[in-house]
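In this note's numbering, the protein residues as written are 2 to 315. Cβ coordinates follow ideal geometry from the N, Cα and C atoms, glycine included. Computed from a predicted model, the values in this text were never measured in an experiment. As structure tokens, the structure follows; a few thoughts come after it.
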Ligand SMILES: [Zn+2]
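Next comes the structure, spelled out in structure tokens:
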């Protein structure tokens, strides 16, 4: 079933709505709630969730005789609907960040009403997943992010079968995110970071689509999922395992390395060139042995820009 999360009127155009998929057996609370596109330019998550909704509707229509939905799944692929249309991260009318509007309110500005409706629809779900990407300049390895997790969340994070789980403490600064609003409710909350904003990375999307199906299978939402044995080992990384490399010089950064590869300390990962003369200014090396979990994709650099991130195995 497709319903609308919220209907809104706009100043000089027709009203618009945020569509939402509800799939599987009826119940008071969803077994799982999945949210994407809080930021309008984060296309990977929007694509993954729209494909997942299509797949689960196929399950509901008995297209896959082995599979059965045991619990209701709620999917909202694109919360910042107008941002998606205009290819902007923020809400286009007032440039506000929808992920700084929680818990929202019923009488506030449009963005606050969206936040309120989204939280109402998702907060009672047993499992909650919010999908993001890095910014438009940087690519992140598809990963699970945990914020001040419970032991259950730590264990469930492995059910995705993604290679990296990043644990962070709950931010004392960003208390108005969907994640912090979810955390006060019973149930489990996960954030997935997938690739780079502003583009669609098919390989990452396919990887995370499979991860979500595995997760729904292993957590008892979707019965009959055959779990692929090729799943990588999930490694838990804390803040202490992170090594970042920043640009010592401005210039043009070029790298053909892919995220998700293990690198040796001192291994060449890219070069900074002088943007005018073309001379190599700097050979960029891995700071430690570890997993390359993020790399800059925008070539133009200012001094101090983040180039890459390597996570050490404990
Ligand atoms: Zn985001």
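Inter-residue distance for residue 156 and residue 169 is about 15 Å (C-alpha atoms, whole angstroms). DSSP places residue 312 in the strand class (E or B) of the three-state scheme. Three or more beta-carbon pairs drawn from the region 39-47 and the region 71-82 are found closer than 8 Å, and the two stretches are therefore classed as touching. Closer than 7 Å to some heavy atom of ligand 1: that does not describe the Cβ of residue 140. Residue 128 sits away from residue 225, with the two beta carbons spaced by 8 Å or more. Put simply, of 268, 160, 252 and 271 the residue whose alpha carbon is nearest the alpha carbon of residue 217 is 160. Per the C-alpha coordinates, the member of 197, 260 and 304 positioned closest to residue 273 is 304. Assignment of residue 183 by DSSP, reduced to helix, strand and coil, places it in the helix class. The DSSP assignment places complete beta strand (DSSP E) segments of no fewer than 3 residues inside the region 60-109 at 74-77, in order along the chain. In the DSSP assignment, residue 34 falls within the unbroken beta strand (DSSP E) covering 33-36. With a cutoff of 8 Å on beta-carbon distance, residue 135 and residue 145 are scored as not near each other. Shortest gap from the CB of residue 112 to any heavy atom of ligand 1: 7 Å or more. The beta carbon of residue 133 sits closer than 7 Å to at least one heavy atom of ligand 1. Set against 7 Å, the gap from the CB of residue 43 to the closest heavy atom of ligand 1 is smaller.
According to DSSP, residue 3 shares a beta bridge with 22.
Within its own chain, the residues whose Cβ lies closer than 6 Å to the Cβ of residue 28, once the five positions on either side in sequence are excluded, are 73, listed in chain order. Bridge pairing for residue 11: 14 [DSSP]. Per DSSP, the continuous beta strand (DSSP E) segment holding residue 193 begins and ends at 189-196. A Cβ-Cβ contact shorter than 8 Å links residue 166 with residue 236. In the DSSP assignment, residue 216 falls within the unbroken alpha helix (DSSP H) covering 203-219.
Residue 122: member of the alpha helix (DSSP H) spanning 111-123, first to last residue.
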